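Asks: Protein chains in written order, with the numbering used here: chain A, 1 to 298; chain B, 299 to 596. The beta carbon of each residue, even a glycine, is placed where N, CA and C say it ideally should be. The structure presented is a predicted model; accordingly, all values stated were derived computationally and were not measured. Before we start, here is the structure in question, set down as structure tokens.
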């Protein structure tokens with residue numbers, strides 16, 4: 001599957017940026033990471049990493065929301081909490097500075113692409129990825145392509161019904177009732193007044209966490225009908241959450257939606273499988289997809 | 299856009315079946331309707347209508363769930379409340395009896411295709427259709443193709459948070475808390491002890507109805523990011539619901555997701571536009587798509 005070319009991958013997260021060189025088959029050859037600062041500081045470092053390295057094209061997955069409409073605004077980061085990045089023309093800057101095609105997508109769509117192409121979603125038509133970390137995000141890849149429309153999925157902000165024992169205020173600044181507000185890493189931390197890693201497996205907080213995440217998985221299953229749900233991110237490193245989420249989903253489905261893969265939730269709701277490199281590998285795949293078939297974006 | 303061929307369309311609903319002949323451009327030339335009875339009674343009528351009419355291919359949209367996996371079970375209706383139809387091999391029967399390619403999909407996916415190709419979603423990349431009637435269903439068409447995966451969307455069964463003034467039990471036999479159970483036509487009827495048509499526009503029941511439907515639209519928007527949300531079905535003939543749903547969605551989004559089309563919800567959440575023929579027109583389009591490009595299903 002390797003085509004001998006070198007592709008670029010960039011993962012832009014809330015706290016760190018990772019740049020990598022790699023192959024079409026997802027092999028990461030070299031990578032660097034540095035903290036996420038305003039674009040005036042961070043983007044020169046990205047460009048410096050790739051300059052003179054002979055990449056054929058590159059793909060960046062970033063926090064969003066991101067304008068993905070074909071045209072001059074393609075790849076522009078929209079109004080977001082990181083104000084220095086709001087309205088930053090990421091796609092145009094990378095493409096013009098490096099002189100190669102640049103694909104931009106949400107950090108979760110590229111992670112989903114990594115899982116769909118090389119990981120837990122390999123061979124599946126419809127792959128849904130949920131990351132639960134500093135925020136909650138959803139990526140969707142159908143028939144090998146990331147899902148787009150008005151924007152990209154922003155499903156971490158879907159509504160959840162409050163747990164009867166949970167009095168905590170949402171940590172989302174937009175929504176008193178969304179999955180991210182009630183079940184992201186910071187929500188777990190606020191609920192326990194301690195960092196998630198320190199909380200024992202049998203703490204009741206995980207029941208509440210699984211209650212919210214099961215709602216999110218159920219709603220995604222019923223709307224998108226994925227062939228597999230892959231869950232990653234820092235909070236999902238707590239492996240004891242998986243059986244709790246599966247149990248919650250099974251109870252919530254009420255026997256309605258048991259068919260094929262979903263009848264065995266152990267293989268339907270699964271951990272991410274690429275050792276934290278799903279986003280970089282997804283970027284490599286998307287960069288390679290673009291090369292030779294450049295979309296008419298600009 | 300017409301190719302001179304005649305295509306077949308079949309809409310199989312809970313109470314009635316409609317068969318039509320038509321063109322690739324969505325023109326319905328002739329149609330008949332009869333009540334939905336068990337397949338032993340209904341399917342011969344469907345076959346009789348199409349026999350000898352020279353159709354090039356046909357498409358049926360049916361209540362589901364439906365097995366859409368390529369292979370011998372393609373187009374089989376799965377376990378469903380209408381027991382006589384459970385496990386009925388609709389696709390195989392139509393194809394073998396009529397000797398032409400038969401495409402099968404959910405009733406809501408074909409309706410969405412009608413709107414995407416010819417109606418309120420024309421020219422949009424990502425179209426989501428919600429029907430609110432005897433049940434609540436969701437159809438999704440992306441890049442001109444209906445969304446599939448494990449099955450097809452079954453988003454009417456997503457969870458909604460109960461309205462604080464609503465004590466009514468869900469009408470869904472699977473879920474105490476789903477959109478269909480709380481906001482379908484039968485739910486409205488149970489809440490008011492009268493049929494929906496008789497209830498005045500200013501009855502508080504519509505506030506409750508809009509509260510649930512706004513949650514459903516919000517969750518669909520955030521997960522699928524459609525370019526337009528088209529709403530049809532008997533309950534949505536109550537046009538006064540549209541501004542109430544838009545208001546609810548705007549409040550729930552909390553300023554988070556205002557961009558392009560969504561910033562003008564009047565043109566983003568819109569009524570169906572094809573006079574009740576969206577499913578038949580969608581079937582004609584899908585039948586024509588299949589002709590000449592037969593999927594390797596059997």
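For residue 33 of chain A, list the residues DSSP reports as bridge partners.
Replies: According to DSSP, which records beta bridges pairwise, residue 33 of chain A is partnered with A:18.
Asks: Residues of chain B with a CB under 8 Å from the CB of residue 50 of chain A: which are they?
Replies: Ordered by position in chain B, no residue passes the 8 Å Cβ test against residue 50 of chain A, which lies about 29 Å from the chain.
Asks: Using a 10 Å radius around the Cβ and a threshold of 16 neighbouring Cβ atoms, would you call residue 267 of chain A buried or exposed?
Replies: exposed
Asks: Name the chain A residues that come within less than 9 Å of residue 457 of chain B, Cβ to Cβ?
Replies: Against residue 457 of chain B, the close residues of chain A are 159, 160, 161, 215, 218, 219, 222 and 252, in the order they occur along the chain (beta-carbon pairs closer than 9 Å).
Asks: How big is the Cα-Cα spacing for residue 99 of chain A and residue 273 of chain A?
Replies: 33 Å
Asks: Tell me, which residues are paired with residue 46 of chain A by DSSP?
Replies: DSSP output for residue 46 of chain A lists no bridge partner at all.
Asks: Looking only at its chain, what residues have a beta carbon closer than 6 Å to the beta carbon of residue 583 of chain B, apart from the 5 residues adjacent to it on each side?
Replies: 411 and 415
Asks: If we ignore side chains and look at the alpha-carbon of each, how far apart do residue 495 of chain B and residue 487 of chain B end up?
Replies: The C-alpha of residue 487 of chain B is placed about 9 Å away from the C-alpha of residue 495 of chain B.
Asks: What beta strand (DSSP E) runs, 3 residues minimum, are completely inside the region 214-256 of chain A?
Replies: Counting only runs that start and end inside the region 214-256 of chain A, the beta strand (DSSP E) elements of at least 3 residues fall at 228-232.
Asks: What does residue 227 of chain A reach in chain B if we use C-beta pairs closer than 8 Å?
Replies: The answer, in chain order, is 447 and 448.
Asks: By DSSP, does residue 426 of chain B sit in helix, in strand, or in coil?
Replies: In the structure shown, residue 426 of chain B falls within a strand segment according to DSSP collapsed to helix, strand and coil.
Asks: What residues in the region 165-180 of chain A have a beta carbon less than 9 Å from any beta carbon of chain B?
Replies: 172, 173, 174, 175, 176, 177 and 178
Asks: Considering only their Cβ atoms, is the gap separating residue 361 of chain B from residue 343 of chain B smaller than 8 Å?
Replies: no
Asks: Note down, in chain order, all residues in the region 104-134 of chain A with a beta-carbon under 9 Å from any beta-carbon belonging to chain B.
Replies: 124, 125, 126, 127 and 128
Asks: Can you list, in chain order, the residues of its chain with a C-beta nearer than 6 Å to that of residue 208 of chain A? Leave out the 5 residues immediately preceding and following it.
Replies: These residues qualify, in order along the chain: 163 and 166.
Asks: Using the Cβ count rule (16 or more neighbours within 10 Å means buried), how would you classify residue 524 of chain B?
Replies: buried
Asks: Looking only at its chain, what residues have a beta carbon closer than 7 Å to the beta carbon of residue 219 of chain A, apart from the 5 residues adjacent to it on each side?
Replies: 158
Asks: Within its chain, find whatever has a CB closer than 6 Å to the CB of residue 400 of chain B; leave out the 5 residues flanking it on each side and keep chain order.
Replies: 356, 389, 392 and 393
Asks: Any C-beta of chain A sitting closer than 8 Å to the C-beta of residue 581 of chain B?
Replies: For residue 581 of chain B, the closest Cβ of chain A is not nearer than 8 Å.
Asks: Please specify which runs of the beta strand (DSSP E), each continuous and at least 3 residues long, are wholly inside the region 372-417 of chain B, giving them in chain order.
Replies: 400-404
Asks: For residue 255 of chain A, which residues in chain B fall below 9 Å Cβ to Cβ?
Replies: 472
Asks: Tell me, please, which residues DSSP counts as bridged to residue 67 of chain A.
Replies: Beta-bridge pairing by DSSP links residue 67 of chain A to A:76.
Asks: Roughly how many angstroms separate the alpha carbons of residue 224 of chain A and residue 211 of chain A, rounded to a whole number?
Replies: 20 Å
Asks: So, is the C-beta of residue 153 of chain A closer than 8 Å to a C-beta in chain B?
Replies: True, the Cβ-Cβ gap to chain B drops below 8 Å.
Asks: Applying a beta-carbon distance threshold of less than 9 Å, which residues of chain B neighbour residue 138 of chain A?
Replies: 520 and 521
Asks: When the cut-off is 8 Å and only beta carbons count, does residue 440 of chain B lie next to chain A?
Replies: yes
Asks: Taking only the alpha-carbon atoms, compute the straight-line gap between residue 40 of chain A and residue 81 of chain A and give it to the nearest angstrom.
Replies: 17 Å
Asks: Give the DSSP-derived three-state secondary structure of residue 24 of chain A in the structure shown.
Replies: coil
Asks: So what's residue 53 of chain A in DSSP terms, helix, strand or just coil?
Replies: Coil, per DSSP.
Asks: Please go through the same chain and pick out, in chain order, the residues whose beta-carbon is closer than 6 Å to the beta-carbon of residue 213 of chain A, but skip the five residues on each side of it.
Replies: Counting only Cβ-Cβ distances below 6 Å, and skipping sequence neighbours, we find 183 and 245.
Asks: Of the residues B:501, B:433 and B:404, which one's Cα is nearest the Cα of residue 445 of chain B?
Replies: B:404
Asks: In whole angstroms, what separates the C-alpha of residue 193 of chain A from that of residue 187 of chain A?
Replies: 10 Å
Asks: So the candidates are B:434, B:327 and B:581; which of them puts its Cα closest to the Cα of residue 469 of chain B?
Replies: Among B:434, B:327 and B:581, the Cα nearest to that of residue 469 of chain B belongs to B:434.
Asks: In chain order, which alpha helix (DSSP H) runs of at least 4 residues are fully inside the region 261-292 of chain A?
Replies: 265-268 and 278-290
Asks: First and last residue of the alpha helix (DSSP H) that includes residue 469 of chain B?
Replies: Element bounds for residue 469 of chain B: n/a, residue is neither H nor E.
Asks: Assuming residue 149 of chain A is part of the alpha helix (DSSP H), what are its boundary residues?
Replies: It is not in any alpha helix (DSSP H) - residue 149 of chain A carries neither H nor E in the DSSP assignment.
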